[in-house]
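Undergrad: Residue numbers (my numbering), protein chains in the order written: chain A, 9 to 200; chain B, 9 to 200; chain C, 9 to 200; chain D, 9 to 200. Backbone N, C-alpha and C fix where the C-beta goes; we use that ideal spot for every residue, glycine too. As the structure is a prediction and not an experimental result, all values here were calculated from the model.
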DNA sequence: ACTTAAGCGAGACGGTACGTCTCGTCTTAAC
DNA sequence: GTTAAGACGAGACGTACCGTCTCGCTTAAGT
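In structure tokens form, the structure reads like this:
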């Protein structure tokens, strides 16, 4: 998890304050971006003391990951029987998340601070990327078993094609309209 | 261009100092990463005054782009007669550049600071991305004319597949060994 | 007052630090003079951060006035019954203060920065000059009432003679030995 | 003198430039005061290069003294036969000079930078103060000889009374109306 | 007319100090 | 023991001037 665990004794932490800080973090991320986000500004907007923020989150990265957890959640690829259907869901999950402005800001922060803030990268990978990627790999393996994909299909490569293309379109090119992107990728990957 | 233009009049700028600053920038980028790169540290390592750096580059981004220009240069896709050959060159250009640690650091900085430092993004796009992408698009169009690609091929989409996949592998997954990646992408794009 | 008022809440200011800054200010004033006094040097000698100085004093002038308050204090002219005695006290107060090297440095700074730092001038006038001048004027008025001074004596003029002469001797000519000066001024002012 | 001597060979100095720099110095002194006067600003306003200023004057003080020489000139006390007349002239010289805003700014700069810029103080004393003070002392001595002043009159003291009082009024109190001041001082000094 | 030496403008240079911002830690009183 | 408040040491920011330096160009006087 991202937050620092509270003690069981003494005055309990205020839940209102908690949510206020997270909300302040989200709005400031949207307004200023990750590099210009300061703890000072978060505390000021949340109406709390700076110390309170530091007491609960060890780093800016941890705070941001918790504040945007719902925006980042990609989910898990279901097993609905059809390779094309399952991959279609997977792609819609990706495009939806990558098109979310807050999610895009955070993902860029994660990769831009790979060395600076390795905790953030690790958490992001294990909490968000790994579950989706594992279930998407399973969906592709089922496709191989069904013959929708050739027996020697390089599954990690295909996942990189899928994620990389969506990332390129939605985050780097910042194209909001992703109509047809999902179908085009499906055609490319499942062709043959 | 990135640097502040020198005047023709007055004492000329020291070329030694110029190169010392760029070299200091490169080494600090590798050691600390872009967000932690400070002008103070650059000047100190270069053995110059802080003011000298400010005199020549308006922003940290401009300095970094000039310091890493050779690392970022992707080049232009040649027209050698064969679609597969031309695209193969294009892919080797991409993987070579994206695997360069300095180039990766700077590209991440560019996209992470899209809003913060729009000058940096604009320069990177126009100097590096645009020329390559234009020539790569031409190569794909020649492929369509030759029948190596279907007549209705979505060329911008294919470029996003190519760039996105390489970016995902080389930069985000930071996989140094990219053996076979070029061939796999070629097979994927030209398959039919 | 001169310092920025501290808040009642939060961590209280360190008194040790406060005194260290004032002492550093005094010693640097004596060594370098007012124009060459820098906040950087004060903080360095006091062993604190530069920000701590800025947090407590808005301007160099405010810091210097507080650091030298005891040296600047002229006091108030007493009412002891005799015009000559009272004025003698007044003169000894003036010569004592004006002969203090630190006080002289600060007074010159005040008048040299009348336009630059009007706050400093205003504070100096209201805190130091005004109380003394008012009480000295009262002493002269008592002298008029007693017949030690002519009924039409121009009291502001006489005060300017007294202050101006002492200032000229002690500060501008920087004569340390002021023996006989007090008596000479008394003879001049009370002659008749 | 104050300026750096030019060489006899090579291109002669421009007289126009010289006067432009002095005029710029005067106007900036009036606008900003001595402490805030910068060589950069002088050169900019004079339309010359900074180097040109540095080539001609070694210090800011030397430049300022030359620029304001006419404003500072007090003159010499004449020998017109009457003690009261001569001293009256002396006082009018003083009040005229001390009431000149430019002269006041420079005199304050001189005494505020006694330690910082001893050259300025020395020059001011020898060029301006000494000649006047010597001739004023001679006038007082003639007064003693004539019996207008007691035989044991302390002439340096009386000069300090005169100068100090005028300085106090005109410079420190910055009273523009000095009507009657001359007569009052004359009465005080010559009384008896 | 040709040389030559200095003046001149322009601006680079290494510095120092400015006053501000943000960091993450700390110290207090209030609850 | 959490909280609000704010002090603290630290360090980077970007700017303003300092006084020196290095250029190419201009301007006379001496040849």
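1. Taking 7 Å as the CB-CB cut-off, is residue 169 (chain C) touching chain D?
2. Specify the secondary structure class of residue 65 (chain C) as computed by DSSP and reduced to three states.
3. Please report whether the beta-carbon of residue 120 (chain C) lies at a distance below 7 Å from any beta-carbon of chain D.
4. Helix or strand or just coil, what does DSSP make of residue 49 (chain A)?
5. Going straight from the alpha carbon of residue 45 (chain B) to that of residue 43 (chain A), what length do you get?
6. Counting only Cβ-Cβ distances shorter than 7 Å, please list the residues of the region 51-78 of chain C near chain D, keeping chain order.
7. Classify residue 12 (chain D): buried if its beta carbon has 16 or more other beta carbons within 10 angstroms, exposed otherwise.
8. Taking C-beta pairs closer than 8 Å, name the residues in chain C that residue 43 (chain D) reaches, listed in chain order.
9. At 9 Å on the CB atoms, spell out the chain D contacts of residue 196 (chain C), in chain order.
10. Residues of chain B with CB under 9 Å from residue 175 (chain A), in chain order?
11. Determine which residues share a DSSP beta bridge with residue 11 (chain D) and list them.
12. Determine the chain A residues that contact residue 190 (chain B) at a beta-carbon separation under 7 Å, and present them in chain order.
13. Should residue 101 (chain A) go down as buried or exposed, given a rule of 16 or more other Cβ atoms within 10 Å for buried?
14. Kindly indicate the opening and closing residues of the alpha helix (DSSP H) around residue 139 (chain C).
15. Closest by CA to residue 197 (chain C), which one among C:185, C:166, C:178?
16. Is the Cβ of residue 102 (chain D) closer than 7 Å to any Cβ of chain C?
17. Between which two residues does the alpha helix (DSSP H) carrying residue 175 (chain A) extend?
18. What's the call for residue 155 (chain A), buried or exposed, on a 16-neighbour Cβ count within 10 Å?
19. Does the distance from the CB of residue 118 (chain A) to the CB of residue 132 (chain A) come in under 7 Å?
20. Are the C-beta of residue 95 (chain A) and some C-beta of chain B separated by less than 7 Å?
21. Once the 5 residues before and after residue 136 (chain A) are set aside, which same chain residues still bring their CB inside 8 Å of it?
22. Between residue 147 (chain C) and residue 134 (chain C), what straight-line distance do the alpha-carbon atoms span, to the nearest angstrom?
23. Write down the C-beta distance between residue 179 (chain B) and residue 176 (chain A) rounded to the nearest angstrom, noting that I regard them as a contact closer than 8 Å.
24. Please decide whether residue 116 (chain D) counts as near chain C, where near means a Cβ-Cβ distance under 7 Å.
25. Can we say the region 103-116 of chain C touches the region 157-164 of chain C, given the rule of at least three CB pairs closer than 8 Å?
26. Going along chain B, which residues have a C-beta under 8 Å from residue 162 (chain A)?
27. Which runs of the alpha helix (DSSP H), 4 residues or longer, sit entirely within the region 92-123 of chain C?
28. Nearest CA to the CA of residue 23 (chain C): which residue from C:189, C:99, C:56, C:153?
29. Does the beta-carbon of residue 64 (chain C) have 16 or more other beta-carbons within 10 angstroms, so that it is buried, or is it exposed?
30. Is residue 217 (chain B) near residue 49 (chain B), with beta carbons less than 7 Å apart?
31. Give the range of the alpha helix (DSSP H) segment to which residue 201 (chain C) is assigned.
32. Short check: CB of residue 52 (chain A) to CB of residue 61 (chain A), under 7 Å?
33. Where do the ends of the alpha helix (DSSP H) carrying residue 190 (chain B) lie?
TA: This is what the structure holds:
1. yes
2. coil
3. For residue 120 (chain C), the answer is yes, since a Cβ of chain D falls inside 7 Å of its Cβ.
4. helix
5. Near 13 Å, if we compare the C-alpha coordinates of residue 43 (chain A) and residue 45 (chain B).
6. none
7. exposed
8. 43, 120, 121, 124
9. 165, 166, 169, 196, 197, 199
10. 172, 175, 176, 180
11. D:65
12. Close to residue 190 (chain B), with beta-carbon spacing below 7 Å, lies no residue of chain A; the smallest spacing is near 12 Å.
13. buried
14. Counting along the chain, the unbroken alpha helix (DSSP H) around residue 139 (chain C) starts and ends at 138-154.
15. C:166
16. Not one chain C Cβ lies under 7 Å of residue 102 (chain D).
17. Per DSSP, residue 175 (chain A) belongs to no alpha helix (DSSP H) and is neither H nor E.
18. It counts as exposed.
19. yes
20. no
21. Exclusion of the five residues before and after residue 136 (chain A) leaves 80, 81, 82 as the residues of its chain whose Cβ lies within less than 8 Å of its Cβ.
22. 19 Å
23. Rounded, the Cβ-Cβ distance is 11 Å, inconsistent with contact.
24. Residue-level contact check: residue 116 (chain D) touches chain C, since one or more beta carbons of chain C fall below 7 Å from its beta carbon.
25. no
26. 192
27. 109-120
28. C:56
29. buried
30. Nothing about residue 217 (chain B) can be reported from this structure: the residues present for chain B run from 9 to 200 only.
31. The requested residue 201 (chain C) does not occur in the structure, where chain C is confined to residues 9 to 200.
32. no
33. Counting along the chain, residue 190 (chain B) sits inside the alpha helix (DSSP H) bounded by residues 189-198.
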